[in-house]
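See structure below.
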Amino acid sequence: MQQFTKIIIEKDYLPYRTIELNWLKKESNLDTEILRSMIIFGRNGTGKSTISKSISSLRDVSEDITLFNEKNKVSTAINITDSDKETIFVYNEEFQREKVTFTENEKFEAIVLIDDQKDLMSKIASNKSEVKKLESKLIQYNGALSNAENAIKETIVESEKPRWKSIYNKLNNKNHYFNDSLVNRISSSVSSKSVEELGDDLRNLIKEIESARNEKEISRYSMVEIPVNEIKEKLEIISEPVNMIELTERENQIIEILGNNVDSSIEKTENLLKGNSNNCPTCFQEINEDYKRDTLVQLKSVLKKQLLNDEISKHIECIDQIVKRFELIIEELDSVDLDKRIEESVRISLNKSIKDLKSRLNLMINELKTKKSNVYMVCDFNSEPLFESKNAYDESLSVYNEACDMYNLRFNKLEDNIKEANKLNDKLAYKETKIFCKEVVENRKKVNRTKESIKELNEKIVKDEQSVKNTTLALNNINKQLGRVFYESERLKLEQEDGFYYVLSRGKRTKLSSLSTGERNAIGLCYFFSIVNQNQNVDNQYNLPLLLVLDDPLSSFDHEIKLGIYSLLRGEIEKIGLGNKNSKILILTHDSDVYYNCYKIFEDVLDTDGKRVFKDNQIKLKQLNAMTGIETAEKEENFYSTQLTKIYEFACIEDEECDFAKDFSPYIGNVMRRVLEAFSTFNYQKGISELSSNEVLLSESIDDKEERELLKSHMYRLLLNGESHYSDKIYGITERDREFLLTIKQKIQTARFVLVLLYSLNSIHLKYQINNLDQTILERWKSDLIGSKK
């Protein structure tokens, strides 16, 4: 929290309009130091709650409160940052009401709902209630939906002459199956056509379906293939003239000798004869040049004539290939059997083109065979008429196949037609059951919307329940503080289970009806102090400059709890005061006892050097006047003497009902205060609070550290009685109607504690101050009060 010197709150509904809280030691002097503590006393209705609520609003959106730092010469008004908001802590009725609430489970066990848990639980309860309402509506919608579906079923399936059922079975060759899918299909089959129009469409479609089911598809014919280019090339080869071949006897002998591979053998022989060798490589006979030349001439003649013979073979081979191809085509054309379902003109055209093509093929075959019988004959083959017939055939066949495809469409569309017929059947069914179909659609929408709403709400419930379970507390710290308040660790504590915090009293879960208002407020206050450091690690706790506001911190507490609350406040104020020198604490109260006792708490807080953290004359004491606002209180002092013997006699009482106990009980609290004040002043020149808070003083007299801590903690029982104090009286407060808050038994216990404290600090002092002092009794009390606490 940024350093500030003044808080101004403006409220039109207050008589004095403006509340100004000045934190300067001397309010009119800006050079004086900024104080750290302020206590404001005010009766109910004077504006205390307004102050705490306005300061609390700084954590959110605030328009009626402004903080100023008058020492800042540039800008006195302070802009509250997000970091500042994290260091402002306000405890008031609003905090107790909104942040700490109590509920019970089915076993009536008390449960603490922390922070957002209350809102979450409220949302969960609201959502669960809404789910129940929706579930009731869902039953209603499902009933209406079921009635409408049954009406549709009776109409289209179970009537005496169910038109839809008979048509469905006929179209699909199977019995119907009535289910949600069928109901959804029919109820969504809305049509703008009339019943008559739908009926005509359905009858026509059924005829087409039945026709397709009673016939077979017409097969298409594949087109015969004539390789035009290949045929033309071979006809050109065949048309070329071929010379006649005559071989001499010598040439025939050479061919016979050379065998099948004439070309290769002649080439080898020719190479051999052209060589330099004059001997035959086979018989080794001598051969001359003339013989070589003559033989070479004959070989060349044989080679030339052999080439002519190969050409003739090629001609014959081409003729055979073409003839064979044409014969296969004719055979394929002969197998054609045109379907009579195709239009007659189309069939006549195709038959004519087939006949013409076969004729052309046969003519060509005859010409080729003639050529083959006399290969040396010159022929000129004209293939154009053949190819013209082939083109005419292709066109006719294409027309025929298109007609087949058109006819076969009825078979290809059979499944589509069946689907379309089913749709028309459903549309007619919708016309018959229109009223019920609308009810189905309407109620199904309601059912789906309701289910979705229930699903969304249940998801929110699960999410919120998980958020409740994920709420974490500094549980150990809270339970430690509760133990401090009640002077017993098991008196009241919290226990976590399944994300909830159950209240335990002496180890057992307590019922909500058994939990007093004071106990609830004690839990709330302990939770409040636990969140001060909820985002800080152990080493950094209380290190930030805090603004702490306590609005009636002891209001509505049971009498026996107040003492522990003072002890809690003292410990937390000490930590905050020592943690950061810029932390500020504001306490508001309508109770003069609280006003005075909190002042004493501030005075008691010492640093490690034994010096007061909240120095003399640096604790702002203010009063709230219902008409004029903030006023400064005046000081008044009274003095008391010690009565150690009376305290000892009171502590020795065994019968709580005796006259001495009843007569002295109303005054024993103040007597103990006065004795302690006198003792501390006389022996140590210290105030009463330092008997328990001054570590140096305690350590010099008490060696046991744990014993010192226990004495220090229990010292605040003495804040029980609110009558005037030995050293200082409350400033400007005239209220004297004090009440004694403890029973006689508890006061006797407190008196024994006071004597044990003084005995631990200076046993000789008690020995000479108290008549007939029995030290064995003191030792026993010490053992009971201190030894049992270890």
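Note that the UniProt record's numbering gives residue 590 to position 590 of the sequence shown, counting from 1, and the numbers run on in steps of one.
Don't be surprised by glycine CBs; every beta carbon is placed ideally from N, CA and C.
- In the structure shown, residue 90 adopts extended strand secondary structure according to DSSP, grouped into three states.
- Contact between residue 693 and residue 604 holds: their C-beta atoms lie close to 5 Å from each other, under 8 Å.
- Selection 432, 355, 565 and 757 evaluated against residue 195 yields 432 as nearest (Cα-Cα).
- For residue 41, the enclosing beta strand (DSSP E) stretches over residues 37-42.
- Excluding its 5 nearest sequence neighbours in each direction, residue 457 has C-beta neighbours in its own chain below 7 Å: 127, 130 and 131, listed in chain order.
- When the beta-carbon positions are compared, residue 678 and residue 752 stay at least 8 Å from each other.
- Beta-bridge partners assigned by DSSP to residue 68: 6 and 77.
- By the neighbour-count criterion, in which 16 or more other beta carbons inside 10 Å mark a residue as buried, residue 200 falls on the exposed side.
- In this structure, residue 526 lies away from residue 569, with their beta-carbon atoms at least 8 Å apart.
- Distances from the alpha-carbon of residue 17 to those of 746, 238, 147 and 627 put 627 closest.
- Taking a cut-off of 8 Å for Cβ pairs, the stretch 207-224 and the stretch 396-416 touch, as three or more such pairs fall below it.
- Nearest to residue 184 by C-alpha distance, out of 146, 221, 203 and 204, is 146.
- With a cutoff of 8 Å on beta-carbon distance, residue 48 and residue 586 are scored as not near each other.
- With a contact defined as Cβ atoms closer than 8 Å, residue 421 and residue 209 qualify at about 6 Å.
- Beta-bridge analysis with DSSP links residue 505 to 508.
- A direct Cα-to-Cα measurement between residue 46 and residue 631 gives close to 12 Å.
- Between residue 363 and residue 393, the beta carbon gap of about 15 Å keeps them out of contact (Cβ cut-off 8 Å).
- Going by DSSP, residue 381 is part of no beta strand (DSSP E) at all; its letter is neither H nor E.
- Cβ neighbours of residue 424 within its own chain (closer than 8 Å, five residues either side excluded): 198, 201, 202 and 205.
- DSSP links residue 584 through a beta bridge to 547.
- In the DSSP assignment, residue 496 falls within the beta strand (DSSP E) that extends over 493-497.
- Using a 10 angstroms sphere on the CB of residue 318, the tally of other CB atoms reaches 16 or more, which defines it as buried.
- A Cβ-Cβ distance of about 6 Å is found for the pair residue 397 and residue 350, placing them in contact under the 8 Å criterion.
- A straight-line Cα-Cα distance of about 44 Å links residue 171 and residue 225.
- Between the stretch 108-121 and the stretch 77-86, the count of C-beta pairs closer than 8 Å stays below three; the two stretches do not touch.
- Here residue 327 carries a helix assignment [DSSP, helix/strand/coil].
- For residue 381 against residue 238, the beta-carbon gap comes to about 7 Å, under 8 Å, which counts as contact.
- Residue 87 has its alpha-carbon roughly 43 Å from the corresponding atom of residue 745.
- DSSP places residue 623 in the strand class (E or B) of the three-state scheme.
- Going by beta carbons, residue 55 and residue 39 fall outside the 8 Å limit.
- Contact between residue 437 and residue 187 holds, since their C-beta atoms are separated by about 4 Å, short of 8 Å.
- Cβ contact annotation for residue 659 (same chain, cutoff 7 Å, sequence separation greater than five): none.
- Comparing C-alpha distances from residue 770 to each of 648, 781 and 756 shows the shortest one belongs to 648.
- According to DSSP, residue pairing for residue 112 in a beta bridge involves 102 and 501.
- If you draw a 10 Å sphere on the C-beta of residue 747, you find 16 or more other C-beta atoms in it, and that means buried.
- Of all alpha-carbon atoms in 294, 316 and 158, the one lying nearest the alpha-carbon of residue 236 is that of 316.
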